[in-house]
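Chains as they are written, first to last, in the numbering used here: chain A, 1 to 256; chain B, 257 to 512.
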DNA sequence: CGTCAAGAAAGTGTCTACACTATTGCGTTC
DNA sequence: GAACGCAATAGTGTAGACACTTTCTTGACG
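Quick look at the structure:
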């Protein structure tokens, strides 16, 4: 558990001290930490999660650990088997496609609704958001790129006027974030994202729902194939022998 | 209060690919029971949830109660405020519209994907499902109608081939189930559902995605206005039984 | 009479302990 | 030597207790 706790996701974690002053966020901290362990493959897909071990590692009791795991189970990160505990859910390539398909559905619908309902000023907020970051976009750190990209798409969802869409998209983002991050760091990552976003903004300004949806769909689908390759590389890296770690040679169903 | 709570809910939350949760013990029972209290308005919208009171009522400790409440929070039934506890989330008319809009988006996308991907035999399963229940459909008890209707729509989601859509739709259904039930019992409930479903099946057999989506959208939107009225009636019934004095006073009815 | 403050009560967040279940290891039997 | 059963161990599920926070009550002061 000796991992630098800097540069987490866009959630500012005050992970400086385990001060007793505010013990009410122990569960929340556990949630963030465990999710990080999951997205970084420290907890490997298919692996059984040992609550006691985790609680020792985080310095809290099992109660907040279990609360966090329950949350993560509701969000699809882990699964719970009755009397055997929590398991890291393996995100297969197939499951990834399903998730991206869902994301495409949600985002296209959001874009259409935005075109129909949003005020001019709101659309302009989208334009401003993108113009403010487009210049140095590619030069940022992967985490920053990821946050800015998610922010862009989430803003579209917000401008749809339907908070449920925002919630759904946020949930989807959380589940594919670690893969997206891997993909951003992958050689296959290129600058098509930038031009795609610009084109989407242009369609939004013209309120051209049809074209915007088409662009969005292509934009999302374009990343899928690249992401598939990135996922394979990542899994290979994690499970590869010589990683100096614990690949137990039990008869384990290959679950990816 | 000590009856096995497995009356209306046929499926808690099949979140996608794996059976994510099945705590066959008191935690699961607490989840089902509390959700029932929520959908029956025994726990009223906006109300603060007292964990101790609940645990006494259910005859278990606070631990499984809290696990259940955390789950319900992840699913949007209740909300959690840091040091003040869980609150019953009020589903405003506006929020209801958002939820139905999301449902329409998911279902239309599922129908389209089904038309593109499903085998002929699968489409036929949908036809068979509907033909098997269409005759006595209107004469069933409200709970049965509700289950059969949800099954119909869920089957479409399944035939889309994307388990994520099934999970999303199931989650949405769980959140609007109590209102749908109210609406079914409401005088405004008519037989347009039956003809709509039949038309949707016909479109599916012809794999007419465009027409089917249009039918679905209309089918869902048609119930919205009726449901709004039903919701108003229900809230009126819950909050104004004569004495408008005590909305928050402790007036705890055991079971009805 | 109203406002505010201090103490009491209620309630949540977390910890520790214990019961019960699943898993592992070992010895017995064929 | 292998399969089976039994004991030992590890691990989850739940209960109850404690600490801290919020909310309510009561009394003093303007």
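Positions of the beta carbon are idealized from the N, C-alpha and C atoms, including for glycine. None of these values were measured; they are calculated from a predicted model.
Are residue 48(A) and residue 55(A) touching if we call contact CB-CB under 8 Å?
-> The sequence position of residue 48(A) within the first chain is 48, counting from 1. The sequence position of residue 55(A) within the first chain is 55, counting from 1. Contact: no.
Rounded C-beta distance between residue 44(A) and residue 88(A)? I'm assuming under 8 Å.
-> Along the first chain, one-based indexing puts residue 44(A) at 44. Along the first chain, one-based indexing puts residue 88(A) at 88. The Cβ separation is near 6 Å, so the contact holds.
Does residue 365(B) have its Cβ less than 8 Å from a Cβ in chain A?
-> Mapped onto the second chain, residue 365(B) falls at position 109. Yes, its Cβ sits closer than 8 Å to a Cβ of chain A.
Compare the C-beta of residue 67(A) with all C-beta atoms of chain B and state if any pair is closer than 8 Å.
-> Along the first chain, one-based indexing puts residue 67(A) at 67. Answer yes: the Cβ-Cβ gap between residue 67(A) and chain B drops below 8 Å somewhere.
Note down, one range per segment and in chain order, each alpha helix (DSSP H) of at least 4 residues found wholly within the stretch 93 to 181 of chain A.
-> 93 to 117, 120 to 134, 142 to 159
Span of the alpha helix (DSSP H) holding residue 60(A)?
-> Looking up residue 60(A) in the first chain gives position 60. From DSSP, residue 60(A) is part of no alpha helix (DSSP H); its letter is neither H nor E.
Buried versus exposed, by CB contacts within 10 Å (16 or more), residue 436(B) = Position 180 of the second chain, counted from the start, is the residue given in the question as residue 436(B). Buried, since its Cβ has 16 or more Cβ neighbours within 10 Å.
Closer than 8 Å by beta-carbon distance: list the chain B residues that pair up with residue 102(A), in chain order.
-> The residue given as residue 102(A) occupies position 102 in the first chain. Neighbours of residue 102(A) on chain B, chain order: 418, 420, 421, 424.
May I ask you to report which of helix, strand or coil DSSP gives residue 84(A)?
-> On the first chain, residue 84(A) is found 84 positions in, with the first residue counted as 1. Note: residue 84(A) maps to coil in three-state DSSP.
In this structure, what does DSSP give as the bridge partners for residue 48(A)?
-> For the purposes of this step, residue 48(A) is taken as the residue at position 48 of the first chain. Note: residue 48(A) sits in a beta bridge opposite 87(A).
Between the stretch 387 to 412 of chain B and chain A, which residues of the former have a C-beta closer than 9 Å to a C-beta of the latter?
-> none
Inter-residue spacing [alpha-carbon to alpha-carbon] between residue 339(B) and residue 156(A) | Working through the second chain from its first residue, we reach residue 339(B) at position 83. Working through the first chain from its first residue, we reach residue 156(A) at position 156. So the two alpha carbons sit approximately 33 Å from each other.
Length-filtered (4 minimum) alpha helix (DSSP H) runs lying within the stretch 185 to 230 of chain A = 192 to 205
Interface residues of chain A around residue 330(B) at Cβ under 7 Å?
-> Residue mapping note: residue 330(B) aligns to position 74 of the second chain, counting from 1. What residue 330(B) touches in chain A: 71, 74, 75.
Member of 327(B), 342(B), 478(B), 341(B) whose CA lies at the smallest distance from the CA of residue 80(A) | Indexing the first chain from 1 puts residue 80(A) at position 80. Closest by alpha carbon: 327(B).
Less than 8 Å separating the beta-carbons of residue 207(A) and residue 108(A)?
-> Residue 207(A) sits at position 207 when you count from the first residue of the first chain. Residue 108(A) sits at position 108 when you count from the first residue of the first chain. Contact flag unset, no.
Beta-carbon of residue 105(A) versus every beta-carbon of chain B: anything under 8 Å?
-> As a working note, residue 105(A) is residue 105 in the first chain. Chain B, which has a Cβ nearer than 8 Å to the Cβ of residue 105(A), makes this yes.
Have a look at residue 198(A) and residue 220(A) and give me their C-alpha separation to the nearest angstrom.
-> By one-based count along the first chain, residue 198(A) stands at place 198. By one-based count along the first chain, residue 220(A) stands at place 220. Each residue's alpha carbon lies about 14 Å from the other.
Can you find at least 3 beta carbon pairs, one from the stretch 89 to 98 of chain A and one from the stretch 344 to 362 of chain B, that sit closer than 8 Å?
-> no
Count the other C-beta atoms from every protein chain shown that fall within 10 angstroms of the C-beta of residue 121(A), then say buried if there are 16 or more, exposed otherwise.
-> By one-based count along the first chain, residue 121(A) stands at place 121. Residue 121(A) is exposed by the Cβ-count criterion.
In the DSSP assignment, what residue or residues form a beta bridge with residue 79(A)?
-> As a first step, residue 79(A) is located in the first chain; it is residue number 79 there, counting from the start. According to DSSP, which records beta bridges pairwise, residue 79(A) is partnered with 87(A).
Applying a beta-carbon distance threshold of less than 9 Å, which residues of chain B neighbour residue 231(A)?
-> For this step, residue 231(A) is matched to residue 231 along the first chain. Those do not exist, as residue 231(A) stays about 16 Å from chain B at its closest Cβ, beyond 9 Å.
Using a Cβ-Cβ cut-off of 8 Å, state whether residue 354(B) counts as contacting chain A.
-> Stepping through the second chain from its first residue, residue 354(B) is reached at position 98. True, the Cβ-Cβ gap to chain A drops below 8 Å.
Cα-Cα separation between residue 144(A) and residue 458(B), rounded to whole angstroms = Reading the first chain from its first residue, position 144 is the one you call residue 144(A). Reading the second chain from its first residue, position 202 is the one you call residue 458(B). Their backbone Cα atoms lie some 49 Å apart in a straight line.
Is the shortest distance between the beta-carbon of residue 21(A) and the beta-carbons of chain B less than 8 Å?
-> As a position in the first chain, residue 21(A) is number 21, starting the count at 1. Any reading at residue 21(A) is ruled out, since the residue's pLDDT is 34, under 50, leaving its predicted position unreliable.
Neighbourhood of residue 478(B) by C-beta distance below 8 Å, restricted to the same chain and skipping five residues each side = One-based indexing of the second chain puts residue 478(B) at position 222. Within the same chain, residue 478(B) has close Cβ partners 448, 452.
If you follow the alpha helix (DSSP H) that residue 298(B) is part of, which residue opens it and which one closes it?
-> Within the second chain, the letter at position 42 stands for residue 298(B). Premise fails: residue 298(B) is in no alpha helix (DSSP H) and is neither H nor E.
Residue 417(B) vs residue 373(B) beta-carbon contact at 8 Å = By 1-based counting over the second chain, the position of residue 417(B) is 161. By 1-based counting over the second chain, the position of residue 373(B) is 117. Contact flag set, yes.
For residue 25(A), three-class secondary structure by DSSP = Here residue 25(A) corresponds to residue number 25 of the first chain, with the count starting at 1. In the structure shown, residue 25(A) sits in a helix (DSSP, three-state: H, G or I).
Kindly give me the distance between the Cβ atoms of residue 307(B) and residue 332(B), rounded to whole angstroms, as I take these residues to be in contact under 8 Å.
-> What you label residue 307(B) is simply residue 51 of the second chain in a count that begins at 1. What you label residue 332(B) is simply residue 76 of the second chain in a count that begins at 1. Contact flag wrong, Cβ pair sits at about 19 Å.
Excluding five sequence neighbours on each side, which residues of the same chain lie with their C-beta closer than 7 Å to the C-beta of residue 424(B)?
-> In the second chain, counting from the first residue as 1, residue 424(B) sits at position 168. Around residue 424(B): 362.
Since residue 184(A) and residue 146(A) are thought to touch, with beta carbons under 8 Å apart, how far apart are those beta carbons, to the nearest angstrom?
-> Reading the first chain from its first residue, position 184 is the one you call residue 184(A). Reading the first chain from its first residue, position 146 is the one you call residue 146(A). About 6 Å; that satisfies the 8 Å criterion.
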